[in-house]
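Below is one structure, written out as structure tokens; comments come after it.
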Amino acid sequence: MKCSSPLKVRCGSRQRSGPRGNGTDMSGGRRAETGACTTPRSRRRRVPGHGIRMRSRRDSQALIFLHEGKCFFDRVVAPALAELKPMPREEVGGPHKFITQIATDNSHNALCYEARLSFALIMGATFERQLRFWLAATAKQQRYVIEKSNFEKLTILLREIKSLDLNALPEGADLQELWNVVNVARHGDGNSAIKLSETRPEFWSHVDCGLKDRYFGSGLRVHTMRISDDDLARYFRATAAFWQVAMVAKRK
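Sequential numbering from 0 applies to the sequence shown in numbering that gives the first Met the number 0.
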């Protein structure tokens, strides 16, 4: 699946004369009558590394992060989800419920669920790293504070540095949730897992009510947590929406 930037320009290629001065370019094709860019000057923009001009470095960096996230979801996450489909509980073990088949099917399902949690971890950790870089690039004197801040402190720094209120965004709650999912994937059971069990009980909707308390009390809260395909799509939309807003954010 090919990922390409929507920004396009039509420019003449770099020119040089052929060995006989017959007006060919470096690729051997016929040279245009003029080597100038055919795009009107008023429409030309530059992105670092792409020859396209944007309004500022921070705007173009947000655009780059936006397209990096889209490429990862379209080229890695979506194909993997299509390949790794969990088996319904009633089909585990096949019609005869042989123990070997049950073990094989359960291992497949465990891989499917772990892959989804891993994708959430990658998406959230990448967003966190990009966010810190984006803030530090503007407020270099606050780099140390930015690198050491937790999510709540980063939201304050966003307002102070970029005049961007994360809590006011429709996707703010999803980004907070993604942050907690990342903590759970990294560290296991803890405060973030408890918050998720309170705010997103759907992650454990497959667990029988009579077993949930027993699982949670024995440290199996995270091991029984399941991220769905819709959750991953929601996290992608939240990070993409943030960078779209960030493209026009201004420093105070």
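All C-beta atoms, glycine included, are put in the ideal place defined by N, C-alpha and C.
Just reading off the alpha helix (DSSP H) that Arg-236 is part of, what are its end residues?
Here residue 236 corresponds to residue number 237 of the sequence shown, with the count starting at 1. From DSSP, the alpha helix (DSSP H) with Arg-236 extends over 228 to 245.
Residue nearest to Leu-157 in terms of C-alpha spacing, selected from Ile-63, Tyr-143, Trp-203 and Ala-245:
Position 158 of the sequence shown, counted from the first residue, corresponds to residue 157. The option with the nearest alpha carbon to Leu-157 is Ala-245.
Taking the C-alpha atoms as reference points, what is the distance between Leu-174 and Asp-73?
Looking up residue 174 in the sequence shown gives position 175. Looking up residue 73 in the sequence shown gives position 74. C-alpha separation (whole angstroms): 20 Å.
Judging by CA-CA distance, which residue of Leu-80, Ala-81, Asp-104 and Phe-97 is the nearest neighbour of Arg-88?
Locating residue 88 in the sequence shown gives position 89, where the first residue counts as 1. Minimum Cα distance to Arg-88 is reached at Asp-104.
Host alpha helix (DSSP H) of Pro-78 (start-end)
Start at 1 with the first residue of the sequence shown, and residue 78 comes out as number 79. Looking at the DSSP string, the run of the alpha helix (DSSP H) that includes Pro-78 is 77 to 82.
Are Gly-68 and Ala-239 closer than 8 Å when you measure CB to CB?
The residue given as residue 68 occupies position 69 in the sequence shown. The residue given as residue 239 occupies position 240 in the sequence shown. Contact flag set, yes.
Taking only runs that begin and end inside the segment 96 to 178, name each unbroken alpha helix (DSSP H) of 4 or more residues, in chain order.
98 to 137, 142 to 147 and 150 to 161
Out of Asp-188, Gln-129 and Asp-207, which has the shortest C-alpha to C-alpha gap to Leu-65?
Position 66 of the sequence shown, counted from the first residue, corresponds to residue 65. Measuring from the Cα of Leu-65, the nearest candidate turns out to be Gln-129.
What's the C-alpha gap between Tyr-234 and Ala-135?
For the purposes of this step, residue 234 is taken as the residue at position 235 of the sequence shown. For the purposes of this step, residue 135 is taken as the residue at position 136 of the sequence shown. Taking the straight line from one Cα to the other gives about 24 Å.
Counting pairs of beta carbons, one from the segment 113 to 123 and one from the segment 219 to 228, are three or more of them closer than 8 Å?
yes
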